[in-house]
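Residue numbers (our numbering): 148 to 242. We put the CB at the ideal spot given by N, CA and C, even for glycine. Treat the numbers as computed from the prediction; the structure is a model and nothing was measured. Right, one structure below, let's go through it.
Structure below.
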């Protein structure tokens with residue numbers, strides 16, 4: 148079953164986070180990820196406001212988790228730490 152990687156982010160250091168975003172994009176693609184939403188208009192209804200929302204479709208939960216744990220994504224993630232407040236979840240779709 149396909150899976151969605153859903154991230155809610157409040158960027159606190161644009162320059163450093165930009166480095167994360169560039170490297171992360173390559174890691175996502177390398178693991179079969181397809182970006183469905185990145186930034187853009189949103190409506191916050193509940194929970195903490197995180198103005199950057201990202202949704203990536205992967206072929207499976209295993210593929211999404213493998214991406215997260217990959218060396219390439221972990222290298223990207225090093226730039227996000229301290230440059231943003233984030234929540235990230237992987238959810239299997241009903242397809």
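Could you name the residues of the same chain whose beta carbon sits closer than 6 Å to that of residue i, not counting the 5 residues immediately before and after it, in chain order?
{"i": "residue 167", "result": "223, 226, 227"}
{"i": "residue 155", "result": "197, 200, 234"}
{"i": "residue 236", "result": "153"}
{"i": "residue 184", "result": "202"}
{"i": "residue 182", "result": "203"}
{"i": "residue 210", "result": "178, 179"}
Could you pull out every residue in the same chain whose Cβ sits closer than 7 Å to the Cβ of residue i, ignoring the five residues on either side in sequence?
{"i": "residue 163", "result": "226, 230"}
{"i": "residue 171", "result": "220, 223"}
{"i": "residue 189", "result": "200"}
{"i": "residue 242", "result": "148, 149"}
{"i": "residue 186", "result": "199"}
On the premise that residue j lies in contact with residue i, defined as a C-beta separation below 8 Å, what is that separation, rounded to the nearest angstrom?
{"i": "residue 248", "j": "residue 239", "result": "Residue 248 is absent from the model: the chain starts at 148 and stops at 242."}
With which residues is residue i paired in a DSSP beta bridge?
{"i": "residue 235", "result": "154"}
Enumerate in chain order the residues of its own chain whose CB-to-CB distance from residue i is below 8 Å, with the five nearest sequence positions on each side excluded.
{"i": "residue 160", "result": "229, 230, 231"}
{"i": "residue 217", "result": "174, 177, 178"}
_For the structure I just gave you, are there three or more beta carbon pairs, one from the region 203-215 and one from the region 170-184, closer than 8 Å?_
yes
*asked:* List, from N- to C-terminal side, the alpha helix (DSSP H) runs of 4 residues or more that fit wholly inside the region 159-203.
replied: 161-177
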